[in-house]
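Undergrad: Read top to bottom, the protein sequences are chains A and B.
So for the first sequence, this note's numbering puts the first residue at 48; every next one is plus one.
So for the second sequence, this note's numbering puts the first residue at 53; every next one is plus one.
C-beta atoms are modelled at their ideal positions from N, C-alpha and C, and glycine is treated no differently.
Starting off with a structure, shown below.
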Amino acid sequence: ILNVEQSPQSLHVQEGDSTNFTCSFPSSNFYALHWYRWETAKSPEALFVMTLNGDEKKKGRISATLNTKEGYSYLYIKGSQPEDSATYLCALVEYGNKLVFGAGTILRVKS
Amino acid sequence: DAGITQSPRHKVTETGTPVTLRCHQTENHRYMYWYRQDPGHGLRLIHYSYGVKDTDKGEVSDGYSVSRSKTEDFLLTLESATSSQTSVYFCAISIGQEGDTGELFFGEGSRLTVL
């Protein structure tokens with residue numbers, strides 16, 4: 048099972064700040080990388096599915112990039128809002144469609 | 053919208069008792085998963101299924117078994133519950149097309165407390 052690491056563990060920013068976090072993994076032996084947003088007391092919801100080196104995805108103020116050669120993916124949030132406060136998870140899709148998650152980055156946006 | 057229901061949503065049980073959690077989907081998605089939520093670990097994969105009677109272990113499968121006798125139901129069983137199995141359990145389905153690495157759609161979670 049691949050080891051998925053996310054950094055930082057937590058982040059506190061002011062409303063309007065832009066922020067980014069990292070998902071890193073040791074190799075390119077996977078089929079896709081997913082990003083999920085997980086609000087407190089709710090279920091995780093998918094943000095992006097990324098499969099190709101150099102992939103870039105965007106949804107509103109949130110975007111993500113994937114670099115399989117160097118083993119990382121970045122998630123960016125432009126102009127953070129209090130409603131962006133959540134835990135952001137990345138997951139690797141291994142052979143057989145097995146998804147392994149990182150521990151997540153907790154984002155708190157203060158108004 | 054993918055329909056997925058977990059039951060029970062809340063359960064309190066005693067150490068040593070068996071517990072079964074049920075995940076039910078209303079569509080014929082092939083892949084189903086059971087995860088547990090643990091502070092500092094995010095979601096950890098317990099078992100997953102890639103078809104009827106086809107299952108495989110995840111990262112934390114010890115103490116858990118699963119069964120999938122029909123496409124729509126994926127059962128997670130704790131044969132003899134321990135306090136370390138107190139957690140919130142999430143079922144998920146992969147809603148991508150066959151062969152795609154589709155995103156997961158999660159159930160609402162089942163909170164299990166083992167006293």
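1. From B/Gly94 to B/Ser146, what does the alpha carbon distance come to, in whole angstroms?
2. Since B/Arg88 is in the beta strand (DSSP E), which residue starts that stretch and which ends it?
3. Between A/Asp131, A/Ser158 and A/Cys137, which has its C-alpha nearest A/Ser54's C-alpha?
4. Assess contact between the region 124-131 of chain B and the region 65-75 of chain B, defined as three or more Cβ pairs (one per stretch) separated by less than 8 Å. Is contact present?
5. Along chain A, which residues have their Cβ under 8 Å away from the Cβ of B/Asp108?
6. Measure how close the beta-carbons of B/Thr69 and B/Gly159 come, nearest whole angstrom, since I'm counting them as under 8 Å.
7. Can you name the residues that DSSP bridges to A/Lys145?
8. Find the nearest neighbour of B/Thr165 within the set B/Gly103, B/Cys143, B/Glu111 and B/Ser136, judged by alpha-carbon distance.
9. Is there contact between the region 54-63 of chain A and the region 116-126 of chain B, where contact requires at least three CB pairs shorter than 8 Å?
10. Consider the C-beta atom of A/Lys89 and the heavy atoms of the ligand MG; say whether any pair is separated by less than 8 Å.
11. Compute the Euclidean distance between the alpha carbons of A/Pro91 and A/Leu122, then round it to the nearest angstrom.
12. Please check if any C-beta of chain B sits within less than 9 Å of the C-beta of A/Ala133.
13. What are the partner residues of A/Val60, as DSSP defines its beta bridges?
14. Less than 9 Å separating the beta-carbons of A/Glu86 and A/Thr152?
15. Just to confirm the assignment, what range does the beta strand (DSSP E) spanning B/Thr107 have?
16. Using only CA atoms, which one of B/Leu167, B/Gly161, B/Gly154 and B/Arg163 lies nearest to A/Trp82?
17. For A/Thr66 and A/Ser132, what's the separation of their Cα atoms in angstroms?
18. Considering B/Val118, what are the terminal residues of the beta strand (DSSP E) in which it resides?
19. Are any of the Cβ atoms in chain B nearer than 9 Å to that of A/Tyr83?
20. Considering only C-alpha positions, which residue in the set A/Gln128, A/Gly126, A/Phe95 and A/Gly107 is nearest to A/Ser120?
21. For A/Val51, tell me which candidate among A/Leu113, A/Lys116, A/Ala150 and A/Val156 has the shortest Cα-Cα distance.
22. If we call anything under 9 Å between Cβ atoms a contact, is B/Gly103 one with B/Thr123?
23. Mapping the DSSP letters down to three states, classify B/Ser132 as helix, strand or coil.
24. Would you call B/His62 buried or exposed, if buried means 16 or more other Cβ atoms sit within 10 Å of its Cβ?
TA: Let me spell this out:
1. Your numbering for residue 94 of chain B matches position 42 in the second sequence. Your numbering for residue 146 of chain B matches position 94 in the second sequence. Cα to Cα, the separation comes out at about 18 Å.
2. For the purposes of this step, residue 88 of chain B is taken as the residue at position 36 of the second sequence. Where B/Arg88 is concerned, the enclosing beta strand (DSSP E) stretches over Met84 to Asp90.
3. Position 7 of the first sequence, counted from the first residue, corresponds to residue 54 of chain A. Selection A/Asp131, A/Ser158 and A/Cys137 evaluated against A/Ser54 yields A/Cys137 as nearest (Cα-Cα).
4. Short answer: they touch.
5. To locate residue 108 of chain B, count along the second sequence from 1; it is residue 56. Neighbours of B/Asp108 in chain A, taken as residues whose beta carbon is under 8 Å from its own, are Gly143 and Lys145 in chain order.
6. Here residue 69 of chain B is taken as the residue at index 17 of the second sequence, counted from 1. Here residue 159 of chain B is taken as the residue at index 107 of the second sequence, counted from 1. For a cut-off of 8 Å, the C-beta gap from B/Thr69 to B/Gly159 is around 23 Å, too long to register as a contact.
7. Translated into positions along the first sequence, residue 145 of chain A becomes position 98. In DSSP, A/Lys145 forms a bridge with A/Glu141.
8. Here residue 165 of chain B is taken as the residue at index 113 of the second sequence, counted from 1. The candidate whose alpha carbon is nearest that of B/Thr165 is B/Ser136.
9. Result no; under three Cβ-Cβ pairs closer than 8 Å.
10. As for the ligand MG, it is missing from this structure, which has no ligand bound.
11. As a working note, residue 91 of chain A is residue 44 in the first sequence. As a working note, residue 122 of chain A is residue 75 in the first sequence. Between the C-alpha atoms of A/Pro91 and A/Leu122 there is a straight-line separation of about 16 Å.
12. Position 86 of the first sequence, counted from the start, is the residue given in the question as residue 133 of chain A. Interface residue (Cβ-Cβ distance to chain B less than 9 Å): A/Ala133 is not classified as such.
13. For the purposes of this step, residue 60 of chain A is taken as residue 13 along the first sequence, with counting starting at 1. Beta-bridge pairing links A/Val60 to A/Val156.
14. By one-based count along the first sequence, residue 86 of chain A stands at place 39. By one-based count along the first sequence, residue 152 of chain A stands at place 105. In this structure, A/Glu86 lies away from A/Thr152, with their beta-carbon atoms at least 9 Å apart.
15. Here residue 107 of chain B is taken as the residue at index 55 of the second sequence, counted from 1. Asp106 to Lys109 is the span of the beta strand (DSSP E), which, as asked, contains B/Thr107.
16. As a position in the first sequence, residue 82 of chain A is number 35, starting the count at 1. Taking each of B/Leu167, B/Gly161, B/Gly154 and B/Arg163 in turn and checking the Cα distance to A/Trp82, the smallest one comes out for B/Gly154.
17. Here residue 66 of chain A is taken as the residue at index 19 of the first sequence, counted from 1. Here residue 132 of chain A is taken as the residue at index 85 of the first sequence, counted from 1. Straight-line spacing of the CA atoms in A/Thr66 and A/Ser132 works out to 12 Å.
18. As a working note, residue 118 of chain B is residue 66 in the second sequence. Taken as a continuous stretch (DSSP letters only), the beta strand (DSSP E) holding B/Val118 covers Tyr116 to Lys122.
19. Mapped onto the first sequence, residue 83 of chain A falls at position 36. By this cut-off, A/Tyr83 is an interface position.
20. For the purposes of this step, residue 120 of chain A is taken as the residue at position 73 of the first sequence. The closest CA to that of A/Ser120, considering only A/Gln128, A/Gly126, A/Phe95 and A/Gly107, is found on A/Phe95.
21. To locate residue 51 of chain A, count along the first sequence from 1; it is residue 4. Cα-wise, what sits closest to A/Val51 is A/Ala150.
22. Translated into the one-based positions of the second sequence, residue 103 of chain B becomes position 51. Translated into the one-based positions of the second sequence, residue 123 of chain B becomes position 71. Their beta carbons are under 9 Å apart, which means B/Gly103 touches B/Thr123 by this criterion.
23. Counting from one through the second sequence, the residue named residue 132 of chain B turns up at place 80. Three-state DSSP puts B/Ser132 in coil, outside helix and strand.
24. Taking the first residue of the second sequence as 1, we reach residue 62 of chain B at position 10. When all chains shown are included, B/His62 counts as exposed.
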